[in-house]
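For the sequence shown, the working numbering gives the first residue as 46, with consecutive numbering after it.
Cβ coordinates follow ideal geometry from the N, Cα and C atoms, glycine included.
Down below is the structure, laid out as structure tokens.
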Amino acid sequence: MLGTRMSAFLKLSKRDLKYDLPASIVVFLVALPLCLGIAMASGAPLFAGVLTGVIGGIVVASISGSPLSVSGPAAGLTVIVLGAIQDLGAYETFLLAVMIAGAIQLVLGIVKAGMIGNYFPSAVILGMLAAIGITIILKQLPLAVGLSESHAFEVENGGGIAAFSDTIFSVVNWGAATICLLSLAILIYWPTIKTLNKVPAPLIVVLLGIGLSVAFQGSSWGLNPNHFVSIPVVSSFTEFTGLFIFPDFTQILNKDVWVIAFTIAIIASLETLLSIEAVDKIDPFKRNSPTNRELLAQGIGNMTSGLLGGLPMTSVIVRSSANANAGGRTRQSAIFHGIWLLAALVAIPSLINLIPLSCLAAILLHTGYKLAKPALFKQMFSKGLDQFIPFAVTVLAIVATDLLMGVGIGIIVATFYILRANMQNAYKFNIEESDHKNQATLTLAEEVSFLNKVPIQQKLYSLPKSIDRVVIDGQNSKFIDKDVIEVIKDFEQNALSKGLEIELNDVNYKKKAYRKKQNLQKVI
46 MLGTRMSAFL KLSKRDLKYD LPASIVVFLV ALPLCLGIAM ASGAPLFAGV LTGVIGGIVV
106 ASISGSPLSV SGPAAGLTVI VLGAIQDLGA YETFLLAVMI AGAIQLVLGI VKAGMIGNYF
166 PSAVILGMLA AIGITIILKQ LPLAVGLSES HAFEVENGGG IAAFSDTIFS VVNWGAATIC
226 LLSLAILIYW PTIKTLNKVP APLIVVLLGI GLSVAFQGSS WGLNPNHFVS IPVVSSFTEF
286 TGLFIFPDFT QILNKDVWVI AFTIAIIASL ETLLSIEAVD KIDPFKRNSP TNRELLAQGI
346 GNMTSGLLGG LPMTSVIVRS SANANAGGRT RQSAIFHGIW LLAALVAIPS LINLIPLSCL
406 AAILLHTGYK LAKPALFKQM FSKGLDQFIP FAVTVLAIVA TDLLMGVGIG IIVATFYILR
466 ANMQNAYKFN IEESDHKNQA TLTLAEEVSF LNKVPIQQKL YSLPKSIDRV VIDGQNSKFI
526 DKDVIEVIKD FEQNALSKGL EIELNDVNYK KKAYRKKQNL QKVI
């Protein structure tokens, strides 16, 4: 049986190789600058970004059941990673949190929690992604114009707008700013040119950046050494293995490590599940990826990444869509892209170090814009305030505080609107004339919980004085909470004392429970 399955897999691999191999090269060219840029935005070693891409390609894709998904360091986690490294005080401690997060994802996969993403309000998830996009833009703007953290903006000699402007313009590197602006133009317009868009725009951006940085040398627009990518150049296998950083297991009882681990696990799982859903929609063969197996693969990938010194990873829509658009057929494409990343890390680190940081900043600015584009805000507003307000609150809360706090606030606001809608849909009410009497009919909803108690009570006790007869119909209800039944019974006594006709249709909890018991006995 095992031999038959292996033979079928090898046959499939050989058949699809002519599609997967070219697609893997395209994905590699897209992934390399993204891996470097996300590591830079996360405040982590650039080596860690590429290493994460390698693990996401070789390890995760080998286990995953998704044919087109490509995993790697995600822009959506940069805010969490940056804050976590700063809060924990040591990168080795952060790596332990990544390992634990992977173990949590592994457990989620084992207990078949692949549907967890369906239980989070979509408005909050979209708000989270938009906020991440805004945060990425804010953090990359200084690098886009050649600034670094060492540049201060204190205004001297009297202050004022003029002094502030002079301070800004005196520290901007116009070579880096020009490279960033041209890179953004390429990222926006290159894909629209049909004769050229077969070549990935990020590759053109990188080549342009390297070329312009060479052209600007020796001029006032020349870039400084700290304006370039800097990954270690190794000359032996021993030096290469020395680049790996291992987690600090002595911090296993640190509660902050566990808080960050759970945060990474939940956010990474949600982003992965959302990405998987989006990738399946663009799959030309309309295949369905097994979500529980994907969580298992991501868990093993993050445990491996944390163990070796990498970043947390997710399934990434940018790389996955590039894979689909390039004609990838199976997960071979993702595996090969990981191999190409590893080869680049070992064979051409000097060439990678020629890439200006402003190139990577442009790629991340473009990524951030796609996450927080104005069209998304317009789309959410068109869906109504019950969708737009939780979305907007989530965006503002994350930008003003942090991701975990912002998502929590967004969920609370979204829950308020969910409960409000539930309360409003507790019943249907209409008034009609029957037998020369004004009859009010209150038809209860299919599910009537304790949350519906107040609106039903308010409606019953605010009936017009012209009403002669009241009918409360619970025949269509599958569940009526005891608190609601108590309100109805109290109203019945009150109505009878005032001489008001009242009819209750199947709103007795005991009666409904007895019927269910009878039906069960009949089945037996």
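In this structure, what does DSSP give as the bridge partners for residue i?
i      : result
Thr97  : Paired residue(s): none; Thr97 is not in a bridge.
Gly117 : Thr359
Pro401 : Phe273
Asn475 : Thr486
Val493 : Ile525
Can you grab the Cα-Cα spacing for the pair residue i / residue j, in whole Å?
i      : j      : result
Leu402 : Asp293 : 30 Å
Val77  : Glu137 : Before going further, note that residue 77 is Leu rather than Val in the sequence given. Cα-Cα distance, rounded: 24 Å.
Ile345 : Ala135 : 23 Å
Ala540 : Leu508 : 11 Å
Thr412 : Ser258 : 23 Å
Val217 : Cys404 : 15 Å
Leu421 : Ile177 : 14 Å
Val493 : Phe474 : 15 Å
Val499 : Ala323 : 41 Å
Phe436 : Thr286 : 45 Å
Ala417 : Ile170 : 12 Å
Ala119 : Arg60  : 31 Å
Ser350 : Phe433 : 37 Å
Lys415 : Ile233 : 11 Å
Ala168 : Met425 : 8 Å
Ile397 : Ala89  : 17 Å
Lys252 : Gly154 : Strictly speaking, residue 252 in this sequence is Leu, with Lys absent from that position. Whole-angstrom Cα-Cα distance: 41 Å.
Ala445 : Met173 : 12 Å
Glu537 : Ile525 : 16 Å
Gln392 : Ser275 : Going by the sequence as given, residue 392 is Ala instead of Gln. Approximately 15 Å between the Cα atoms of the pair.
Gln520 : Leu549 : 10 Å
Phe289 : Met348 : 14 Å
Pro277 : Ile130 : 21 Å
Leu229 : Val529 : 60 Å
Cys80  : Val72  : 12 Å
Leu505 : Ser427 : 35 Å
Phe54  : Gly220 : With a pLDDT of 48 at Phe54, under the threshold of 50, the predicted position of this residue should be treated as unreliable, and no value is reported.
Asn337 : Lys157 : 5 Å
Leu188 : Asn242 : 27 Å
Counting along the chain, where does the alpha helix (DSSP H) carrying residue i start and finish?
i      : result
Leu340 : 336-353
Lys482 : Segment 482-489 is the beta strand (DSSP E) holding Lys482; no alpha helix (DSSP H) there.
Asn539 : 527-542
Ile517 : That residue, Ile517, is in no alpha helix (DSSP H); its beta strand (DSSP E) goes 514-518.
Trp266 : Here Trp266 belongs to no alpha helix (DSSP H), and DSSP marks it neither H nor E.
Tyr506 : Run containing Tyr506: none; DSSP gives neither H nor E here.
Gln432 : 430-445
Trp219 : 219-234
Asp325 : 300-327
Lys390 : Note on identity: in this sequence residue 390 is Leu, with Lys being the wrong assignment. Counting along the chain, the alpha helix (DSSP H) containing Leu390 begins and ends at 377-392.
Ser427 : 419-427
Phe185 : Correcting the residue type first, residue 185 is Gln in the shown sequence and not Phe. Residues 167-189.
Met144 : 136-155
Gly128 : 123-133
Phe285 : 282-286
Assuming the contact rule is C-beta atoms closer than 8 Å, residue i and residue j should be a hit. Round their C-beta distance to whole Å, please.
i      : j      : result
Gly82  : Ile408 : 5 Å
Gly451 : Thr460 : With a Cβ gap of about 15 Å, Gly451 and Thr460 do not count as contacting.
Asp301 : Asp132 : 6 Å
Gly254 : Ile224 : 5 Å
Val115 : Ser365 : 5 Å
Ile443 : Ala485 : About 47 Å separates the two Cβ atoms, so there is no contact after all.
Ala86  : Ala93  : Not quite, the Cβ-Cβ distance comes to about 12 Å (not below 8 Å), so this is no contact.
Leu74  : Pro247 : 6 Å
Gln343 : Thr317 : 5 Å
Ala490 : Ser542 : The pair is not a contact, with the Cβ atoms about 28 Å apart (cut-off 8 Å).
Gln503 : Val532 : Their Cβ separation, rounded to whole angstroms, is 10 Å, which puts Gln503 and Val532 out of contact at 8 Å.
For the beta strand (DSSP E) holding residue i, just list the boundary residues, first then last.
i      : result
Ile276 : Counting along the chain, Ile276 falls outside any beta strand (DSSP E), and DSSP gives it neither H nor E.
Leu549 : 546-550
Does the region 385-399 come within contact of the region 118-137, defined as at least 3 CB pairs closer than 8 Å? no
Evaluate contact between the region 295-315 and the region 347-358, counting only Cβ atoms and requiring at least three cross-stretch pairs below 8 Å. yes
Counting beta carbon pairs with one atom in the region 96-107 and one in the region 259-266, are three or more of them shorter than 8 Å? no
Contact between the region 376-384 and the region 87-101: three or more CB pairs below 8 Å? yes
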